[in-house]
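Asks:
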Amino acid sequence: MFNPCYALLMLFLPLGLLAQSECNGRPEYCNRRYSELSFVGAHNSPFVGFLPQHNQEISVLSQLNLGIRYLQGQTHLNARGKLRMCHTSCFLENAGGLDTYLRKVKGWLDDNPDEVVTLLVTNGDRLDISRFDEAFRNSGIVPYAFVPPSSPHKLPMDAWPTLQQMIQSGKRLVVFLDYEADMERVPYILDEFTYYWETPFDTTDPFFMQCKIDRPLNANPDGRMYIVNHYLDIEKVGVLFPDRVSAPRTNAPIGKGSIGAQVELCTSAYGYKPNVVLVDFLNQGDVLRAQDMMNAF
């Protein structure tokens, strides 16, 4: 005998199967647009160690395993013209090829299907976009890369997909390049300053008592996400180095000079929270608690 209850069950079962239980570790993130979330990001994520020039103490994979979903890193050409993850110059710090770095991230994405990751890559030598496209394609990571449906035009902030939509589509890697992006030629590498503005970097004020627009010059904040550069430097013999000693306070969720304090300052100035807060030594302090607070958890 036909039972209408079974028919209803079969009708709604596929919808249930499509629903994500968690996105980036939280069920609450699934229905939020990418542009509505705030991420704590790893500043200079490849430069790991305990020498004065290093910005992180744990590897890129450990950063991801800790819960970081936004990775930033510098690139430069080495003496042989190879594109490398280099800090200021390849003579100072060379963390290997960009394609090698990307393969690590791809492997992590392969193993973690419910996660959305963002890469912000800097182009210090102002290289043509084809050099970056080559490295990304060689790594095998491009099939994960998100291409805005508006491409090559800017995707409005209120038109970004939710994390759940990105995960279900398989396009769960967002890539930004600070200079020389060309979204007509390489649509999956987005121009950073089309989508973001940034606060000043290389800050030596331990209280971070400003939230000025530093880049792009004279930018209008309307319609842009923004990045707070919340990492502290210390000057020694005229050279700036990451301030490792102050990291527990700098990376705290509350208190003077904390992530929370600068986020509050910026939010009051612009009327919306930062989308990214870049930090050094992210294993110190409590950066994930700060991220939860930004996202109202």
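Numbering follows the working numbering, with no gaps: position 110 of the sequence shown is 207.
All C-beta atoms, glycine included, are put in the ideal place defined by N, C-alpha and C.
What do you reckon, are the CB atoms on M280 and P249 nearer than 9 Å?
Replies: Contact flag set, yes.
Asks: Where do the N-terminal and C-terminal ends of the beta strand (DSSP E) with F273 fall, by residue?
Replies: Per DSSP, F273 belongs to the beta strand (DSSP E) from 270 to 274.
Asks: Which of the three DSSP states is assigned to F99 in this structure?
Replies: Its pLDDT being 46, under 50, F99 is placed unreliably by the model, and the measurement read from it follows with that caveat. Note: F99 maps to coil in three-state DSSP.
Asks: Which one of S343, N326, Q359 has the shortest CA to CA distance from D411?
Replies: No information on residue 411 is available, as it lies outside the stretch 98 to 394 that the chain covers here.
Asks: Measure how close the beta-carbons of N348 and Q381 come, nearest whole angstrom, since I'm counting them as under 8 Å.
Replies: Right, the Cβ-Cβ distance comes to about 5 Å (below 8 Å), so this counts as a contact.
Asks: Excluding the 5 residues flanking N372 on each side, which residues of the same chain have their C-beta closer than 8 Å to its C-beta?
Replies: Only S132, L134, S135, F136, Y293, M322, Y323, I324 meet the Cβ criterion.
Asks: Sort L158, N392, R386, F338 by Cα distance to T364 and report the nearest one.
Replies: Selected option, being the one with the closest Cα: N392.
Asks: Could you give the DSSP three-state label for W205: helix, strand or coil?
Replies: In this structure, W205 counts as helix in the three-state DSSP scheme.
Asks: If we ignore side chains and look at the alpha-carbon of each, how far apart do L148 and N162 end up?
Replies: Between L148 and N162, the C-alpha separation is close to 23 Å.
Asks: Excluding the 5 residues flanking P210 on each side, which residues of the same chain have their C-beta closer than 8 Å to its C-beta?
Replies: Correct list, in chain order: I264.
Asks: Since Y328 contacts D377 with CB under 8 Å, what's their CB separation in whole angstroms?
Replies: Sure, about 4 Å apart at Cβ, within 8 Å.
Asks: CA-CA distance, Y276 and W205?
Replies: About 27 Å.
Asks: Would you call the region 185 to 193 in contact with the region 238 to 245, where contact means no fewer than 3 C-beta pairs closer than 8 Å?
Replies: Cβ pair count under 8 Å is below three, so no.
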